[in-house]
Amino acid sequence: MKIAIRLAALAPAIVFAATAAFAQGKLNVVATTEDLASIGREVGGDRISIEAIARGYQDPHFVEAKPSFILKLMKADVLIVVGKELEIGWLPPLIQQSRNSKIQVGADGYLDASLTARILEIPTGQITRAMGDVHPLGNPHYWLDPENGKRIAKDIADKFSQFRPNDRAYFEQRLADFTTRLDAAEKGWLAKMAPYKGTKVATYHRSFPNFAERFGLDIMGYVEPRPGIPPSPQHTLDLINEMKRQNVKIVLVEPYFDLKTPNAIGRDTGAIVLVMPPSVGGVKEVTDYFKLFDYDINLLVDAIRKTGAGK
Amino acid sequence: MRPMRLVCASVVAGGLVLGPSTAFAQDNAQSIQQQIDQLRREFDALKQQYDQRLSALEARLAGGQPPPTTATQPPSPPPGGAQPTTAPAGAQPTAQVPPGAEGAGGPTGALPVYGAAAASKIFNPDMAVIGDFLGAAGTNSVQPDPFALGGNHPLPLQMHESEASFQAVVDPYARADFFLSFGEEGVGVEEGYVTFTSLPGGLLTRVGRMRAAFGKVNSLHNHVLPWTDRPLVNYNLVGGEDGISDAGFSVARLIPNPWLFLEATGQVFRGDSGAEGSPLFQTTRRSELSYVGHLRAYQDITENSNIDLGASYSRGHNGLLFDSASPDLGSRVTQLYGVDATFRWRPLQRSIYHSFVGRTEWIWSRRDQEDGLQSGVGMYISGDYQFGRRWFVGARYDRSDRATDASLLDTGGSLILTYWPSEFSQIRGQYRRTNYALGSAADEFLFQFQFSIGAHGAHPF
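Sequences listed follow chains P and V, in order. Sequential numbering of the first sequence, starting at 1, is according to the numbering used here. Sequential numbering of the second sequence, starting at 312, is according to the numbering used here.
In structure tokens:
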């Protein structure tokens with residue numbers, strides 16, 4: 001009996017030793033969005049395997065908590081989340097059912113990518129749901145600024161190194177390489193957008209504040225009357241009048257929103273309606289974080305030139 | 312915040328002191344203005360510094376990171392004893408131990424002051440309240456209360472339930488969830504349990520009072536149902552609105568396999584479930600526990616559609632004594648068997664506009680009574696289609712024997728229209744026709760207003 005008890009007591013240690021021995025395989029990473037997965041891939045290279053939960057063409061606020069995601073989370077060493085309550089409607093039950101202590105909120109394997117990023121639209125004063133589905137911690141669409149991309153990459157590299165200290169140099173070298181390439185690309189994007197600084201646009205949801213701040217767009221209104229509230233006829237009319245008054249010629253719509261109202265606004269104001277992906281995977285061509293900006297900026301510049309909106 | 316107040320006071324005091332001096336010479340006005348501006352700048356700088364410290368602290372807490380390791384120097388002891396002192400933001404307020412305590416075997420240095428930190432609110436659980444208002448029109452002579460099993464008081468309008476939820480992480484190993492259900496009279500713990508999230512062996516363990524994992528509908532709270540009521544089979548065979556809901560243990564484990572999500576759940580309860588007056592399970596002895604077993608298989612068909620299958624079993628004592636002369640023999644047993652299937656379709660790129668959920672459950676009841684074994688069966692099948700961002704239409708067919716007399720068969724059908732003003736409220740109308748085995752058919756129009764305040768809950772799946 002005593003031997004059995006001793007064996008039982010030893011079992012966790014044996015299991016731990018065994019897993020530690022095998023643990024130096026690839027670090028298993030799950031990211032909630034394809035943007036974070038893309039940055040994670042840049043930093044982690046072939047020392048990690050990474051997959052995303054939400055697809056880039058789906059609304060990241062409304063992902064279904066499917067049990068198949070539980071299977072992914074169950075095996076994860078690291079979970080990277082956008083944070084700022086973007087995933088509040090679906091991630092908590094998945095984490096809870098993952099049976100994985102490593103990725104519980106606050107555990108070592110849980111990485112909130114927003115902690116060092118520049119966050120905009122942090123509400124001040126009294127906030128209520130009369131403002132719609134407002135994010136009390138600030139706008140969670142912060143990855144659409146390459147400067148934040150670098151900050152996210154740094155946090156990810158630190159997290160990977162924490163789990164794989166032996167690969168620290170590898171991750172840091174890849175981080176440096178990613179940052180250098182992103183710096184160069186950002187210069188190009190900024191140069192492309194420079195002539196059109198201050199161009200006024202309307203967007204469907206508040207997905208683009210960081211993008212607008214970095215690349216000099218002026219977002220003058222939203223198709224949604226409040227975050228998460230579908231367009232109302234009166235608000236649409238007000239937006240049309242305001243767009244006409246300010247001569248706004250571009251409406252940006254995320255790939256997961258219905259185009260009926262934006263198209264009606266376009267017809268009435270002569271504005272071009274652009275389906276602009278806010279995420280990697282939002283359209284087929286956008287397969288990584290660099291291509292996301294390439295695509296969005298080319299789309300914008302073409303439209304601005306076509307409409308003369310930048311003048 | 313005291314330094315902030317001090318600065319405010321000094322700004323005001325400075326203003327008062329400086330104020331009269333302006334009377335002496337107009338020339339001084341400019342220099343006074345400069346001094347005020349200087350003070351204002353200093354005040355703003357201090358304010359900004361505090362804001363930054365506060366947001367850093369909030370970020371740290373939100374990220375669950377440990378507090379800063381940089382030690383703060385305890386301030387020099389004030390004369391006259393142990394006054395609590397306000398430490399810089401981010402540090403625990405401390406009080407100095409009175410001189411002499413050390414010699415008397417007391418502690419030395421600074422002691423933490425508890426209850427002083429406003430940050431304690433951060434650890435409050437996520438709280439929300441969901442209101443469920445129900446109404447009914449039309450006639451139903453068999454079941455005057457349209458939403459309760461055996462209810463005989465006509466309740467055309469009722470604040471059916473106000474559910475308060477409190478949810479938080481307990482410690483690194485567990486989280487707790489409480490759902491208190493306030494009826495128009497009285498309060499009940501609908502659920503209240505601790506979940507151990509990181510047990511070895513992939514076991515997800517719950518302890519407390521909970522809705523049992525028998526089939527689909529039994530485990531759902533009212534506010535996530537696609538109808539205003541519950542299917543007939545749940546009223547007739549599975550204990551009504553409360554269903555199998557009891558105090559006990561639950562252990563769920565995923566069964567690893569390369570093909571699909573497979574989860575087995577085993578639950579042990581005290582043995583008291585169902586509606587008051589007509590219990591499903593009722594104990595007469597301590598040993599009369601009830602058990603629930605559930606096997607769930609889930610598979611994505613495409614990225615837009617999936618299938619969810621379940622098989623359930625439950626066994627408990629029904630409180631009917633074998634022999635009323637010798638109650639020690641205990642009571643008889645009711646057994647329930649169930650199968651359920653759910654098909655979901657939701658196109659990812661238009662997920663907020665269109666979806667379809669089709670579901671069905673079949674339940675068999677074997678109830679041992681004085682007059683012999685009653686074997687009843689019941690089922691429902693329903694479909695709900697979302698045709699706009701805010702609009703859902705649904706239909707349901709019901710059919711169920713009664714548990715106590717399986718020769719009595721009730722059938723029914725419903726049509727449902729739901730409107731969502733926002734994610735946080737819902738208005739629903741339901742036309743329901745029920746053909747009761749005894750008594751005349753009932754045609755009813757049921758309606759519901761549902762609204763939630765507080766923390767953003769998880770979307771139902």
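Ideal Cβ positions, reconstructed from N, Cα and C, are used throughout, including at glycine.
(request) Note down, one range per segment and in chain order, each alpha helix (DSSP H) of at least 4 residues found wholly within the stretch 25 to 68 of chain P. (result) 34 to 44
(message) In the DSSP assignment, the alpha helix (DSSP H) including residue 471 (chain V) goes from what residue to what residue?
(response) First-last for residue 471 (chain V): 468 to 482, but that is the beta strand (DSSP E), not the alpha helix (DSSP H).
(request) For residue 202 (chain P), collect the residues of the same chain with a Cβ closer than 8 Å to its Cβ; drop the 5 residues on either side in sequence, then sort them by chain order. (result) A distance below 8 Å between beta-carbons, with the five flanking residues on each side excluded, links residue 202 (chain P) to the following residues of its chain, in chain order: 219, 220, 221, 222, 223, 239, 243, 248, 250, 251, 252, 265 and 271.
(request) On the DSSP bridge assignment, give the partners of residue 675 (chain V) in chain order. (result) V:648 and V:688
(request) Would you tell me roughly how many angstroms separate the C-alpha atoms of residue 630 (chain V) and residue 543 (chain V), rounded to the nearest one? (result) 23 Å
(request) List the residues of chain V whose Cβ lies closer than 8 Å to the Cβ of residue 101 (chain P), in chain order. (result) 483, 484, 508 and 509
(request) Go ahead and pull the three-state DSSP assignment for residue 266 (chain P). (result) In the three-state DSSP reduction, residue 266 (chain P) falls in the helix class (H, G or I).
(request) Determine the closest residue to residue 457 (chain V) out of V:636, V:349 and V:539, with distance taken between C-alpha atoms. (result) V:539
(request) Assign residue 741 (chain V) to one of three DSSP states: helix, strand, or coil. (result) strand
(request) Note down, in chain order, every chain P residue with its Cβ under 7 Å from the Cβ of residue 734 (chain V). (result) 133 and 228
(request) Using a Cβ cut-off of 8 Å, pull out every chain V residue sitting near residue 291 (chain P), in sequence order please. (result) What residue 291 (chain P) touches in chain V: nothing, since even the nearest Cβ is about 19 Å away.
(request) Look at the alpha carbon of residue 335 (chain V) and the alpha carbon of residue 226 (chain P), and state the distance between them as a whole number of angstroms. (result) Unreliable positioning characterises residue 335 (chain V) in this predicted model, as indicated by a pLDDT of 40, which lies under 50. The coordinate reading is nonetheless provided below. Each residue's Cα considered, the two are about 56 Å apart.
(message) Quick check on the burial criterion: 16 or more other C-beta atoms within 10 angstroms. Buried or exposed for residue 143 (chain P)?
(response) buried
(request) Determine the direct distance from the alpha carbon of residue 641 (chain V) to that of residue 496 (chain V), and round the result to whole angstroms. (result) Near 33 Å, if we compare the C-alpha coordinates of residue 641 (chain V) and residue 496 (chain V).
(request) Return the Cβ separation of residue 753 (chain V) and residue 450 (chain V) in integer angstroms, given the expectation that the two are a contact with Cβ distance under 8 Å. (result) 6 Å
(request) Count the other CB atoms, across all protein chains shown, that sit within 10 Å of the CB of residue 584 (chain V); report buried if there are 16 or more and exposed otherwise. (result) buried
(request) Could you spell out the range, first to last residue, of the alpha helix (DSSP H) harbouring residue 619 (chain V)? (result) Residue 619 (chain V) -> not in any alpha helix (DSSP H); beta strand (DSSP E) instead, spanning 616 to 632.
(request) Could you tell me whether the stretch 188 to 204 of chain P touches the stretch 294 to 304 of chain P, where touching means 3 or more Cβ pairs closer than 8 Å? (result) yes
(request) Pick helix, strand or coil for residue 196 (chain P), following the three-state DSSP scheme. (result) helix
(request) Report the neighbours of residue 90 (chain P) on chain V: residues whose CB is nearer than 9 Å to its CB, in chain order. (result) Near residue 90 (chain P) (Cβ distances below 9 Å), the residues of chain V are 769, 770 and 772.
(request) Measuring only between beta-carbons, confirm whether residue 375 (chain V) sits less than 8 Å from chain P. (result) Low local confidence applies: a pLDDT of 46 at residue 375 (chain V) is under 50, so the model's placement there is unreliable, with the coordinate-based value given in what follows. So yes, residue 375 (chain V) belongs to the interface.
(request) Quick one: list the residues of chain P neighbouring residue 609 (chain V), beta-carbon separation under 8 Å, in chain order. (result) 66, 67 and 68
(request) Return the bridge partner residues of residue 448 (chain V) from the DSSP annotation. (result) V:756
(request) Just the C-alpha distance for residue 292 (chain V) and residue 587 (chain V), rounded to the nearest angstrom, thanks. (result) No answer is possible for residue 292 (chain V): the residues shown for chain V start at 312 and end at 772.
(request) Round the Cβ separation of residue 706 (chain V) and residue 726 (chain V) to the nearest angstrom and send it over; I've been treating them as touching at under 8 Å. (result) 5 Å
(request) Note down, in chain order, every chain P residue with its Cβ under 7 Å from the Cβ of residue 664 (chain V). (result) 258
(message) Count Cβ pairs between the stretch 517 to 529 of chain V and the stretch 556 to 568 of chain V that sit closer than 8 Å; are there 3 or more?
(response) yes
(message) Can you find the residues in the same chain that come closer than 7 Å, C-beta to C-beta, to residue 86 (chain P), ignoring five residues on each side of it along the sequence?
(response) 60, 61 and 140
(request) Measure the Cβ-Cβ separation of residue 103 (chain P) and residue 32 (chain P) and say whether it is below 8 Å. (result) no
(request) Please report how far the alpha carbon of residue 652 (chain V) lies from the alpha carbon of residue 469 (chain V), in whole angstroms. (result) Taking the straight line joining both Cα atoms gives about 32 Å.
(request) Give the DSSP-derived three-state secondary structure of residue 605 (chain V) in the structure shown. (result) strand
(message) With DSSP as the reference, identify every bridge partner of residue 565 (chain V), one or two as the case may be.
(response) V:574
(message) Please return the same chain residues whose Cβ sits closer than 6 Å to the Cβ of residue 117 (chain P), not counting the five positions on each side in sequence.
(response) 142, 148 and 151
(message) Out of P:283, P:228, P:176 and P:108, which one is the CA nearest neighbour of residue 131 (chain P)?
(response) Comparing C-alpha distances from residue 131 (chain P) to each of P:283, P:228, P:176 and P:108 shows the shortest one belongs to P:228.
(message) Alpha carbons only, please: which of V:487, V:720, V:700 and V:772 is nearest the one belonging to residue 687 (chain V)?
(response) V:720
(request) Please list the partners that residue 57 (chain P) has in chain C, where partner means a Cβ-to-Cβ separation under 9 Å. (result) Within the model displayed, chain C is absent; protein chains P and V are what it includes.
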